[in-house]
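Peer 1: One structure is given below, represented as structure tokens, and several questions about it will come after.
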Amino acid sequence: MSLQRTQDAESTDALLAAEEVQKYFPIRSGILKRHTADVKAVDGVSFEIRRGETLGLVGESGCGKSTLGKTMMRLLDPTGGRIYFDGEDITDVSRKRLRQLRRDMQIIFQDPGSSLNPRMNVADLITEPMRSLTDWDKTKRQNRLYELIEEVDLQENHLTRAPHEFSGGQQQRIAIARALSVNPSLIVADEPTSALDVSVQAKILNLMEDLQEKYNLTYLFISHDLSVIKHICDRVAVMYLGELAEVAPADRLFETPKHPYTRALLSGVPRANAERMDDRIILDGSVPSPEDPPSGCRFHTRCQEYIGDVCETSDPELDAVGDGHVCACHHYD
Amino acid sequence: MSVGHSDSDDDEGDGTPKGGQGSRVATGQLARARTVLRRVMQNRFAVFGLVVVVALLVTAAFAPWIAPYEPTEQNYDALKEPPSLEHPFGTDTYGRDVFSRVVFGSRYAVFLGVVIVGIEMLIGVSLGLLAGYYGGWTEAGIMRLVDISLSIPAIVLALAIAGMLGGGLFPLIVAVSLVGWRGFARLVRGDVKSVMEEEYIESANAAGLSDFRVITRYVLPNAASSIIVYATLTIPTVILWSAGLSFLGMGVQPPKPEWGAILAAGRGDIDSAWWIATFPGLAIMLTVIGFNGLGDGLRDALDPRQVR
Amino acid sequence: MIPVLIGVTLVISSVVYLSPGNPAQIALGQNANPEAIEELEAEMGLNDPPHVRYLDWLAGAAQGDLGTSVRSQRPVSEMIMERLPATLELAIASMALTLIIALPLGVISAVKQYTWVDSLSMVFAIFWISMPSFWLALILILLFSVNWSIFPISGRATPVFTATWLMSLALPAIATGTRRAGLLTRMTRSSMLEILNEDYIRTARGKGIGDRAVIYTHAMKNAMIPIITLIGLQIPLIFSGAVIIETVFAWPGMGRLLVNAVLSRDYPVVQGTVLVYAVIVIAANLAVDVAYSYFDPRIKYD
Amino acid sequence: MTDPLLEIDDLHVHFHTEEGTVEALDGVSLTVERDEVVGVIGESGCGKSVTAFSTMGLLQSPPAEVVSGSIRYDGRELLDLSDDELDGIRGDDITMIYQDPMSSLNPVLTIGHQLTEPLLAHRDISKAAARQKAIEMLEACGLADAERLMDEYPDALSGGMRQRVVIAMALITEPKLLIADEPTTALDVTIQAQIMDLLRDLREEFEMSVLIISHDLAVISEIADRMAVMYAGNVVETCSMRELFEAPLHPYTRKLAESIPSLETSVQRLPTIEGTVPELIDPPTGCRFASRCPDYIGSECDEIDPQLAEPEGIRDHEVACHYYTDESDAEPPWQIQGVEDQ
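Protein chains in written order, with the working numbering: chain A, 1 to 333; chain B, 334 to 641; chain C, 642 to 943; chain D, 944 to 1285.
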């Protein structure tokens, strides 16, 4: 199956699809708070997530991956482009429909310490989405609650406690149970293990895999950690400065990365016990500001494969470079 | 909190790992209240404050039983008598017992403190909430109102309002409330804005909660402790302002035994009968220290991150 | 700035407009005949609709004409100009006193946290904060003027900048400044403590440059930023406190003018004084903003 | 053989908190030889940063209290020194790089001021000469336009640039020992690669010893010669970098390494460690890992605190585990089939 740049959402088994999605944050300055510029956090991104798969979204801080994730589930309103869920255009659906959609799309955040309301107990935290999004009666909610805590390996005596009484790993379990409570089909996991220790991370990743299998969940897994992405994802999208640089099946991406940015990213991963860094690509400088991104290819200011004016003048598009592998680089034109 | 700013993912900072199942932190609201109380009790100043405030409340409640005389009872046989066993705080120019007047004055202090802070809180918290939650023009408008109010010195504004309304208890309440709400508004707006930045608000949106539910279950509970602390610390200010306005003749009017008014009346006799002005002043001071101590203690107890 | 000032004038005018009582009646006294009152009402423009009255007043105020006192029949601006120097003297003196006491004490308490110096200065601060200033004023008069005859009981000695003037200013300045000093001491202490807990202070200690350099170079310069904010917030409060103190000490400032005007329902004077107070506060805040950019290099990048 | 440059011996540090006394360090022993890079790895709360700050004398007391133990630098006992005496060593012979470059630079002082400070404090040097040296050091740390940067405030710099400034600040006195506390944790992958590259080059250039602390095994492995693994306030294993990957001994080390997903290998399911780290308020007696240990051998694990020691037949590799003592009748892992080739 080859991936075209623009997806015909209805014809594939895409659960969630983005078409040229943009999200700008206005910058207001001066005493009159006039709108003077935009932070182009997400700037024309197209991709799809297939039913039952885990799509990894990887990039450095500030590249817009979190914003993209939240925009895709309409926690943020897109500035431009279209978003399709299960074939339906949800870009500007009514508030009522959006609430219904929340049952299908849930999110897990990076820091469970701050994503759980500190003034609520565990039982309330987990049942809250059911109370507001479903018409289930109290018994049904209670039954589901007990089912869930068993699922995520919490205990009944935890239910009356406040979130701060738990370790990071357990807090993330509570957050997962909360997200799972309304039986969603898609879960956006926004750096779900970055705040955790490695030994706890392993447990959470295992739990997420088990739940995916059991409930046939689809994940959009956002992370900056390539090793974690490689471990858990079926396909991976690499993001740089608000745009997608490359999308490919995980094994292809890690074996034969195409985009110069992806290659630099991969070679930058510290490697335990490796034959050291002779072939390491060290990028110069840091990521430019999304407020005033470079012209043409946004990566050209740091690119080690810079091939001339075309990189500065024309923005490369995602083109197919092999089986389900697309890359946005003039190098491959 | 700079002890062991150790590991990126250790948000406790003191190297304490969270214990999960073995967690020793007590559970539930009741336990939370107990923790707060325990922390208050560890702070000597706060304990002192609590004692003073309780004593004040008891005095106000049982004033008729504590005071040996009627507060307005005049006695021309005992004019300006210095403190004695019979009149512990002496008598004033009309022979009224200063002690009894100060005891009854506690009722005004408690009443004014509680009522005015209540009104300020009602106005300030609502406006602050609106400004912080909705932002945009609502916020701009409300904050402009706060700016305007802040550029007129508090007593000046209160004086103008109270004076124009003609003096007395009711104008005093209106004047001080209309001046004091801005503090609550600023505080609550700031708190709400920082709560709105928290990830749990996004989590509430993902759970499809209504604005009302977000406000009542997320925003207000998380801003509550700072509101409580601020209210406690505002009571002494309000008591000082009320006494000040009464002292200027623009609040509670003599012969009513309000502390500021008693003080004002004793002002002319400061050289011949120092006790008339001294004791109500001490009463105000003690009350203010009491509430400040309690407020300080509450702040430390409710927010252990605060530098002590 | 301008919108805030206009807002202030609106607030004052509404208060005056909503006040009970008839200014014309007040001017002429209880026993004036109705015709005379009516005539004066027309002359004062009291029959105009409120917005016309407001705009008239605003137009006048913009040109420095704040109307005429109902009681003394003198121009309000003239009365205020007479009183302004005394008020500013008192405010500046008590502000200076506040800073001289509060800043060193706050910094020392923070640096010597948990020592007896810290405890002692906090006890003092709490006393100052809790003392009603008008009561303190009476006690000061009783002790220093009546009993020991060191300072004059009341009034402002002229000409200014003489020893007698300074003596007459001393007690009012102390009475106004102490509560502020107490508050600022505590606030300085907690800002300083917060700064001392910052990572960059630890970095500085790690350089082995000694405590003095850490505190005076690294901590103080950062602490000045929140402290300037606090000072800015104190400015209107200093004027607030001065209103009562001016009355106690018969200090011929704007506060006393205002109190008398309020008691005698002299509306134009009330209106004018409040406006001038607001202008002073706004100007002072502007000065604080300027002070910021001196201490905080980050302002440039905003 | 000369003395080690830094020798931490049986260090106990407690934190007095409202909930009780946290026994953050429970007899930590660690040495850094001359011209050696030692990595310390462990999960949050294991005490690795506390160890670093104890060495620098930067623990805040209260609540911290060094209960017992010794920290010897070049033969001098640091714990006996007054703050003034310590100031003669820290910032000069021993310097430190901190985790968060955003908060570890003073926002209201220029880069130049902060950079020249250690030189002016420790060397008899003119301001102009110090400035010159600072500019050279910024350039050595890969910052272009150093001259201009000297007069900038930290806010004008990105995170990566700030960390370079922090490194320049730590190296300007040409220290003998550099302590790097999670130097790249707050940075992005590509910036992390830059910084680790820089650190490696500078270490060779200046021939200094380094104590580097991280929660990320892979980061440390890029630079360290020898490793110390910490768990719940103890050093549980020390060995060469190579040994750690090829033949780790302590059950915790082994489990920890396995649970990290890696780019080179793929597993269906990540192995995990049962249970959670014990509370350090009133910690368990005996081995602090006992309740989670897959190689638990009985009551001695619960009762006796194991000491770091070389197991019989193994050199330059210490482990604190009863599994390897004479009394234990369990089979050490290198004798069990299949453990070597993990």
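Just so you know, even glycine gets a beta-carbon here, dropped at the ideal spot from N, CA and C.
Does DSSP put D:Met1104 in a helix, a strand or coil?
Peer 2: The answer is helix: DSSP assigns D:Met1104 an H, G or I state.
Peer 1: Rounding to the nearest angstrom, what Cα-Cα distance links D:Glu1020 and A:Arg235 in this structure?
Peer 2: Rounded to the nearest angstrom, the two C-alpha atoms are 56 Å apart.
Peer 1: B:Ala594 and B:Ser643 - do their beta-carbons sit closer together than 7 Å?
Peer 2: With chain B running from 334 to 641 in the structure shown, residue 643 of chain B is simply not present.
Peer 1: Excluding five sequence neighbours on each side, which residues of the same chain lie with their C-beta closer than 7 Å to the C-beta of A:Val310?
Peer 2: Correct list, in chain order: His330.
Peer 1: Counting beta carbon pairs with one atom in the stretch 771-782 of chain C and one in the stretch 596-607 of chain B, are three or more of them shorter than 8 Å?
Peer 2: The stretch 596-607 of chain B vs the stretch 771-782 of chain C: in contact.
Peer 1: Assign B:Ile603 to one of three DSSP states: helix, strand, or coil.
Peer 2: Note: B:Ile603 maps to coil in three-state DSSP.
Peer 1: Based on the DSSP secondary-structure assignment, which residues constitute the bridge partners of D:Tyr1174?
Peer 2: In DSSP, D:Tyr1174 forms a bridge with D:Asn1177.
Peer 1: For D:His1158, is the classification buried or exposed, using 16 other Cβ atoms within 10 angstroms of its Cβ as the cut-off for buried?
Peer 2: Under this definition D:His1158 is a buried residue.
Peer 1: Does the distance from the CB of B:Ala540 to the CB of A:Pro129 come in under 7 Å?
Peer 2: Cβ atoms of B:Ala540 and A:Pro129: closer than 7 Å.
Peer 1: So if I threshold CB-CB distances at 8 Å, which residues from the stretch 178-198 of chain A count as touching chain D?
Peer 2: Hits within the stretch, in order: Asp197, Val198.
Peer 1: CA-CA distance, B:Thr565 and B:Val450?
Peer 2: Each residue's Cα considered, the two are about 9 Å apart.
Peer 1: Within 10 angstroms of the Cβ of B:Leu631, are there 16 or more other Cβ atoms? Answer buried if so, exposed if not.
Peer 2: Burial call: buried.
Peer 1: Tell me which residues of the stretch 883-895 of chain C have at least one Cβ-Cβ distance to chain B shorter than 7 Å, keeping chain order.
Peer 2: Answer in chain order: Val884, Ile885, Thr888.
Peer 1: Using CA coordinates, which residue listed in D:Leu1160, D:Gly1012, D:Met1173, D:Leu1213 is at the minimum distance from D:Tyr1195?
Peer 2: It is D:Met1173 whose Cα lies nearest to the Cα of D:Tyr1195.
Peer 1: Just the Cα atoms here: how many angstroms apart are B:Gly623 and B:Ala388?
Peer 2: Using only the alpha carbons, I get a separation of about 10 Å.
Peer 1: For B:Ala359 and B:Leu635, I'd like the C-alpha separation in whole angstroms.
Peer 2: With a pLDDT of only 40 at B:Ala359, under 50, the local geometry of the prediction cannot be trusted, and the value read off the model is given with reservation. Approximately 15 Å between the Cα atoms of the pair.
Peer 1: So, for D:Pro1050: in the same chain, excluding its five sequence neighbours on each side, which residues have a beta-carbon less than 8 Å away from its beta-carbon?
Peer 2: Taken in chain order, the residues that qualify are Tyr1096, Pro1097, Asp1098.
Peer 1: For B:Trp607, return the contacting residues in chain C, with the cut-off set at a CB-CB distance below 7 Å.
Peer 2: Within chain C, the residues near B:Trp607 are Leu783.
Peer 1: Closer than 6 Å by C-beta to D:Thr1128: which residues in its own chain qualify, once you throw out the five before and the five after it? Chain order, please.
Peer 2: The residues are Gln1042.
Peer 1: Quick check on the DSSP output: the alpha helix (DSSP H) that includes D:Ala1083 runs from which residue to which?
Peer 2: Per DSSP, D:Ala1083 belongs to the alpha helix (DSSP H) from 1070-1083.
Peer 1: Within 10 angstroms of its Cβ, does A:Gln171 collect 16 or more other Cβ (buried), or is it exposed?
Peer 2: Burial call: buried.
Peer 1: By a C-beta neighbour count over all protein chains shown, 10 Å radius and 16 as the cutoff for buried, is C:Val910 buried or exposed?
Peer 2: By the neighbour-count rule (16 or more Cβ atoms within 10 Å), C:Val910 is buried.
Peer 1: Which residues mark the beginning and the end of the alpha helix (DSSP H) in which D:Ile1155 is found?
Peer 2: Premise fails: D:Ile1155 lies in the beta strand (DSSP E), 1152-1157, not in any alpha helix (DSSP H).
Peer 1: Have a look at A:Ile107 and D:Val1109 and give me their C-alpha separation to the nearest angstrom.
Peer 2: Distance between the alpha carbons of A:Ile107 and D:Val1109 is about 37 Å.
Peer 1: Near A:Glu231, which residues of its chain fall below 7 Å by C-beta distance, leaving aside the five closest residues on each side in sequence?
Peer 2: The sequence given here has His at residue 231 of chain A, not Glu. Excluding sequence neighbours, A:His231 sits near Leu205.
Peer 1: Report all residues from its chain with a CB closer than 6 Å to the CB of D:Thr974; omit the five preceding and five following residues, and keep chain order.
Peer 2: Pro947, Glu950.
Peer 1: Could you check what DSSP says for D:Cys1182 in three-state terms: helix, strand or coil?
Peer 2: Strand, per DSSP.
Peer 1: Under 8 Å by Cβ, that's how I've got D:Ala1102 and D:Ile1134 pegged, so tell me the actual separation to the nearest angstrom.
Peer 2: Looking at the sequence itself, residue 1102 of chain D is Gly, so the reference to Ala does not match. Contact flag correct, Cβ pair sits at about 7 Å.
Peer 1: Checking contacts by CB at 7 Å: is C:Ser795 closer than that to chain B?
Peer 2: Not closer than 7 Å to any Cβ of chain B, the Cβ of C:Ser795 fails to qualify, so no.
Peer 1: Output the boundary residues of the beta strand (DSSP E) element that contains D:Val980.
Peer 2: Start and end: 980-984.
Peer 1: Alpha carbon to alpha carbon, what distance is there between C:Ala928 and C:Thr739?
Peer 2: Spanning the two alpha carbons is a distance of roughly 18 Å.
Peer 1: Which residues share a DSSP beta bridge with A:Ala14?
Peer 2: Paired residues: A:Arg50.
Peer 1: So for B:Asp544, helix, strand or coil by DSSP?
Peer 2: Here B:Asp544 sits in helix by DSSP.
Peer 1: Pair every Cβ in the stretch 207-225 of chain A with every Cβ in the stretch 129-145 of chain A, then say whether three or more of these pairs are closer than 8 Å.
Peer 2: Because the criterion of three Cβ pairs below 8 Å is not met, the stretch 207-225 of chain A and the stretch 129-145 of chain A do not touch.
Peer 1: D:Leu1121 lies in the beta strand (DSSP E); which residues open and close that run?
Peer 2: Residues 1120-1124.
Peer 1: When you compare only the Cα positions, how much space is there between D:Ile1224 and B:Leu462?
Peer 2: So the alpha carbons of these two residues sit roughly 40 Å apart.
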